[in-house]
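Written below as structure tokens is the structure these notes are about.
In full-length UniProt numbering, the protein residues as written are 1 to 864.
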């Protein structure tokens, strides 16, 4: 997206056409420029683009640059005169002829707006003003959806609403304010345009449309009133003819002398650029000066109060496609926050819980309920389901399966938390608190599986694992994982008590915890052109991380022209550099870090090991088990078999008895309803079907309960296809040197569609604890999914084995590395790479199925 260098985005709205919205946008832009700010105008009034004419640049054309468009330059910055630059982008620049009509339906408008936001590359810009069409049309919906999904945290400041004094205009603008209220779009203020007419021959200002309607409306909706702007023939002459405003000596408006400085200078009106001539127009009233100050003050106030987006949820990308949900901005969805909110909606128009614009800190309707558990004992892992989010997840489109994987450590181990941290570290953070971070990533919590050592969050876009000392976040699709990193660090400081910097107190927005170390990795994407934000290329991701951390190292492992794997890693105890922020101190130095980092001097987990198997080109017959229809049939069959088995055992235990119809003494309607409810509960609930799939495909046997009696699985089957599962594996009693809070996990995600089939398996269960070799675990998993190709990465701490005497050429060959040399049955090894890091060994393998005749090419292109 081309908005990365934009600091603040302001929408200019009006409920009615002809109120001068584009005129106000132009004057705001020129006034901001005269105040020294760099400004951009994006004109999304596609059928009536007027910004090119307002700025007198109709003949200009957009310049094509690599990957998109460069906005048209209106005027350059003049630092010596405290004038900022001004650029503009409009469909008017792209039309062959000025008078060409734009006759487009909604889908084409939507595509054009998204392209404007993604492909128009704005340079460093203080304010981007978006001039919208009147009303609440498809353009508004598309704009809101795209900004909510792609804008950076805190980037959208809010909206300026324009009206005129007369009742017919204020009535329509009331609808616009209701629109903003329903979407939680902050209103920076109301501008009353055409508030009086200034006679060009005298000082009289006549209220031909009345006055005060905008102010009354602002007070009614409890939003700021920014000011009134009269009609002025001189401004029209400036826009239409390029003439500098001139007023006779003695001309006054509202008690202000507006006599022109250039009235007696011959030909002065024809000289200078638009912004130069506008200087004299700004002397006309103090209206825009006051308006501008209030706008900037309101914008920064909102940015300080809200460290997240100010939008309600729109269409949200799920692990397998799109939620079929309507925006609350259409007025179809409940906007309250009572806990029963979702029960009153149509199945196809549910209120989407957890909207990031909700201001309630308790979020009663968005929280993960803590009274729904599948476990009878608090001592064992137990599951909490967020039914509001889990309901009706749908996936029906091709999907980017390969995940982005972020692992952030805040101390070396769960037993070495720094002074001041909560006793349970990150696990002390409530599930509701993580919602704001996950909103920035674009995913939701489906359920939480808790244990004594780790909390496993099953997400709409993969998984998150929270340990006392580290957090692992794995997301797929077009999620913007790295955009949640800043918020993650803030939560670690504020709610978990880890050492922080960039602020005096942890509750300041700028406070960010200091990571002990950071890992970020991913496979090459299948559809790289669909990614958003910094994830459009590895180069951009590395830059994003380098801007946050000192001393990070980036690697590409594997073939450049084939399947490969990316890794970014920092060294232990690497302190964080000041985050990117518009108000960095003038001296450029980060404030002193608070005490606590020195306490992080324990020994890192010497059993740390992560195995990741990334599989593509799944066998399609075998992949049918991950479709809803197949799983429902299996579940129904299983229910019938279990019922017959139970009846047989009951008869056997009771002896020879006549068969009794248990529904004989009740109405047939009641019995049928009860039977139907039982069947539906098993065959339609995502978590129940997920459990059926997990057991049926063999995943539950990878770490069986016979060996791990306290192990638990949380699985979910999406409709019409797609599968996710988290497993929690508590340490066995023979773990030896492991910390008392040690715990392990595994996670699986499956996209079975033929055009994008993909499955991933990841675990940190040490190979030494399973009693099986790493190669045996790999064979077990591969047999479940039967991929055409797959890669294996094994990260292994060097300190996990006390015996390093077997090192050759200075490279330690641990037990897992040796077992990985073994072949995987039915597959041939195509690639074998070993990396020797300071405290970790990395083993990478790539395999291809024997006799596989599929497409052997790899999607390796990325957007630069």
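The beta carbon of each residue, even a glycine, is placed where N, CA and C say it ideally should be.
- Taken through DSSP and simplified to helix, strand or coil, residue 57 comes out as coil.
- Taking the Cβ atoms as the reference, residue 190 lies roughly 17 Å from residue 130, outside the contact range of under 8 Å.
- At the C-beta level, residue 764 and residue 456 stay beyond 8 Å of one another.
- Taking the Cα positions, residue 753 is about 20 Å away from residue 698.
- For the options 53, 114, 795, the alpha carbon positioned closest to that of residue 532 is the one of 114.
- With a threshold of 16 other beta carbon atoms within 10 Å, residue 160 meets it and is buried.
- The continuous beta strand (DSSP E) containing residue 404 extends over residues 404–409.
- The DSSP-derived three-state label of residue 214 is helix.
- Boundaries for residue 726: no alpha helix (DSSP H) harbours it, while the beta strand (DSSP E) harbouring it runs 723–729, taken from the DSSP string.
- Taking C-alpha positions only, residue 147 is separated from residue 541 by approximately 20 Å.
- By the criterion of at least three beta-carbon pairs nearer than 8 Å, the region 492–506 is not in contact with the region 785–797.
- In this chain, the alpha helix (DSSP H) harbouring residue 141 covers 138–150.
- Taking the CA atoms as reference points, residue 149 sits about 24 Å from residue 430.
- When secondary structure is reduced to three states using DSSP, residue 703 falls in the coil class, being assigned neither helix nor strand.
- A straight-line Cα-Cα distance of about 16 Å links residue 140 and residue 41.
- Look at the beta carbons and you see the region 26–39 touching the region 75–85: at least three pairs across the two are nearer than 8 Å.
- One alpha carbon belongs to residue 24, the other to residue 495, and they sit about 43 Å apart.
- Going by DSSP, residue 487 is part of no beta strand (DSSP E) but of the alpha helix (DSSP H) stretching over 485–494.
- Counted as a single uninterrupted DSSP element, the beta strand (DSSP E) harbouring residue 74 occupies residues 72–75.
- For residue 180, the closest C-alpha among the options 122, 11, 498 is that of 11.
- The three-state reading of DSSP puts residue 717 in strand, counting E and B together.
- For the 8 Å CB-CB criterion, residue 173 and residue 193 do not form a contact.
- Under the three-state reduction of DSSP output, residue 570 falls in the coil class, being neither helix nor strand.
- Its chain contains 7, 37, 38 as the residues whose beta carbon lies nearer than 6 Å to that of residue 126, once the 5 sequence neighbours on both sides are disregarded; these appear in chain order.
- For residue 158, the enclosing beta strand (DSSP E) stretches over residues 156–163.
- Taking a contact as a CB-CB distance under 8 Å, the pair residue 74 and residue 59 does not count as one, their CB atoms being some 13 Å apart.
- Cα atoms of residue 499 and residue 438: separation of roughly 22 Å, rounded to the nearest angstrom.
- Separation of residue 474 and residue 566 (C-alpha to C-alpha, rounded to the nearest whole angstrom) is 14 Å.
- Residue 709 is positioned such that its CB atom lies no closer than 8 Å to that of residue 452.
- Residue 538 has its alpha-carbon roughly 31 Å from the corresponding atom of residue 414.
- Taking each of 510, 275, 626, 766 in turn and checking the Cα distance to residue 720, the smallest one comes out for 626.
- Less than 8 Å separates the beta-carbon of residue 92 from that of residue 49.
- Take residue 610, set aside five residues on each side of it, and the residues of its chain with a beta-carbon closer than 6 Å to its own are 764, 795, in chain order.
- Residue 748 sits buried, since 16 or more C-beta atoms from the chains shown fall within 10 Å of its C-beta.
- Apart from the 5 residues on each side of it in sequence, residue 630 sits with its Cβ closer than 7 Å to the Cβ of 624 in its chain, given in chain order.
- Residue range 744–751 is occupied by the beta strand (DSSP E) that includes residue 749.
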